[in-house]
Amino acid sequence: MTQPERETQPDPETGTAGARGAQDTGRPAQDTGRPARDAGRPARDASRLAQFEEQRGRLWAIAYRIMGTVTDADDAVQEAWLRWQALPDEQPVASPRGFLTTVVSRICYDLLGSARARRETYVGPWLPEPLLDGSGGRLPLGAAGAVSPGSAGGPGGPEDRVTLDESVGMALLTVLERLTPAERTAFILHDVFAVPFPEVAEAVGRTPESVRQLASRARKRVRAEAPRRTVDRAEHRRTVEAFLSAVMGGDFDALLSVLDPEIVWRSDGGGKVSTARRPVLGREKVARYVRGLVTRGAQRAGLRVALAEVNGATGLVFVDPAGKQSGVFAFTVHAGQITEVDAVINPDKLGHLDLGLHLPLDLPLDLGPDSGPDSGPDSGPDGF
4 MTQPERETQP
14 DPETGTAGAR
24 GAQDTGRPAQ
34 DTGRPARDAG
44 RPARDASRLA
54 QFEEQRGRLW
64 AIAYRIMGTV
74 TDADDAVQEA
84 WLRWQALPDE
94 QPVASPRGFL
104 TTVVSRICYD
114 LLGSARARRE
124 TYVGPWLPEP
134 LLDGSGGRLP
144 LGAAGAVSPG
154 SAGGPGGPED
164 RVTLDESVGM
174 ALLTVLERLT
184 PAERTAFILH
194 DVFAVPFPEV
204 AEAVGRTPES
214 VRQLASRARK
224 RVRAEAPRRT
234 VDRAEHRRTV
244 EAFLSAVMGG
254 DFDALLSVLD
264 PEIVWRSDGG
274 GKVSTARRPV
284 LGREKVARYV
294 RGLVTRGAQR
304 AGLRVALAEV
314 NGATGLVFVD
324 PAGKQSGVFA
334 FTVHAGQITE
344 VDAVINPDKL
354 GHLDLGLHLP
364 LDLPLDLGPD
374 SGPDSGPDSG
384 PDGF
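So the working numbering is basically just the index in the sequence shown, starting at one, shifted up by 3.
Right, dumping it as structure tokens:
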């Protein structure tokens, strides 16, 4: 009886048909080319990693300014790295800087649409996640290639540019929340990082002329709605120090003198911490609100408060050692008075910070004899 012929099947590695028993005979010849093809991969991978690391700080700075959150900025940069790593070797990138800028900006632009929808249902004011300079910060606020105060070029010269320090300030980031995703992306890329309009157009899927108009609309709105602020860092620090001194000393008149008549106090507790769910407006109301906060804070033994660099300018951090509450305060100062305070109390927005590194001393709260609790609008018993 004749034996049945063995079924021929495609070789799983070569894809060619042949008897199963004959597959092994072709393998050495097929495998000999692999070491040669892979020999250069470690060097290419190392080169690609070095190129990405050279741009990482700039990419993160762009992502944070577009998104306003540390977590989203981290995710965008990580996704940009995965896409960069996955590029085929046969297609070298002429400008890694330009390519990666476009990629991370597009990622952020896509993320921002869904993020805005979530923020519309947020409990109370939504504020950006704060950054602290120095030992508690995440990454440098600056980045190579960003516009410096004296740089030329741009829409109408250096006066139309937004400097890197300005663009990371809590007050301006809050204004940027009112822009559309396309306007915000175009504004950050062009007016802050001097990205040409054709490259901005690739990031947002528009024409160069369209993104030029987007940036122009955003620029006008920022000019109209951005708060007045001093550019003198020493004046800013002195004003915040005067605020802290008045609060710690229980000097209500001194507190009033350092507050602008039209001051706005915003608190972000996100529904996780009891806080004022509407902005507190005006000097008298803010002063009473602060006095009430301090009164409640004095009831917590060992509450620590200290100055810190918050998003590029002097602010305050506080920590309740009992672990009940912590927060970061950013200030906007003009003409020696505080015009805005942004208080981030939501613990979900502080998890990336080690606030204890900024609190070397306990600062006792010395309230005046006339101090008393006075909570702000819609705040709970421990509201900030």
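Glycine is no exception: its CB is placed at the ideal position from the N, C-alpha and C atoms.
Nothing here was measured: the structure is a model prediction, and the numbers come from that model.
Within 8 Å, strictly: CB atoms of residue i and residue j
i    : j    : result
V106 : I65  : no
E202 : T72  : no
I69  : I191 : yes
L182 : R224 : yes
L358 : V322 : yes
L262 : R286 : yes
V267 : E343 : yes
F200 : P184 : no
A83  : L62  : yes
D78  : R47  : no
R269 : P282 : yes
For residue i, three-class secondary structure by DSSP
i    : result
L356 : coil
D92  : coil
F334 : strand
L134 : coil
W129 : coil
V107 : helix
D75  : helix
T233 : coil
D3   : In this structure the chain extends from 4 to 387, so residue 3 is not present and cannot be described.
I341 : strand
E287 : helix
V276 : coil
G315 : coil
E265 : strand
F196 : coil
A227 : helix
Q310 : Correcting the residue type first, residue 310 is Leu in the shown sequence and not Gln. It is a strand residue.
D351 : helix
S219 : helix
S270 : strand
F98  : It should be pointed out that residue 98 corresponds to Ser in this sequence rather than to Phe. Note: S98 maps to coil in three-state DSSP.
Backbone CA spacing between residue i and residue j [nearest angstrom]
i    : j    : result
S50  : G60  : 17 Å
G315 : D136 : 7 Å
R187 : P128 : 19 Å
D235 : T242 : 11 Å
D75  : G318 : 24 Å
I341 : G274 : 26 Å
E244 : L310 : 8 Å
P324 : R307 : 8 Å
M238 : E56  : Note that residue 238 is Glu in the sequence shown, not Met. Spanning the two alpha carbons is a distance of roughly 36 Å.
G354 : V80  : 19 Å
V198 : G101 : 9 Å
V195 : S98  : 20 Å
D345 : A249 : 18 Å
E162 : R222 : Low confidence applies here, because E162 scores a pLDDT of 44, under 50, leaving its location unreliable; read the following figure in that light. E162 and R222: Cα-Cα distance of roughly 12 Å.
L356 : A53  : 28 Å
G272 : S329 : 11 Å
V214 : K288 : 42 Å
K352 : V276 : 12 Å
L85  : R209 : 25 Å
P45  : Q58  : 20 Å
Cβ distance (whole Å) where residue i is taken to contact residue j below 8 Å
i    : j    : result
T177 : V336 : Going by Cβ atoms, the distance from T177 to V336 rounds to 15 Å, so no, they are not a contact pair.
L130 : V347 : 5 Å
P133 : A279 : That pair is no contact at about 18 Å.
E189 : V207 : Here the sequence assigns Ala to residue 189, which means Glu is not the residue at that position. About 6 Å; that satisfies the 8 Å criterion.
Please confirm if the segment 213-228 is in contact with the segment 242-256, defined as three or more CB-CB distances below 8 Å between the two stretches.
no
Check whether the segment 209-220 and the segment 113-123 are in contact - that is, three or more C-beta pairs closer than 8 Å.
Touching, no, given that fewer than three Cβ pairs across the two stretches are closer than 8 Å.
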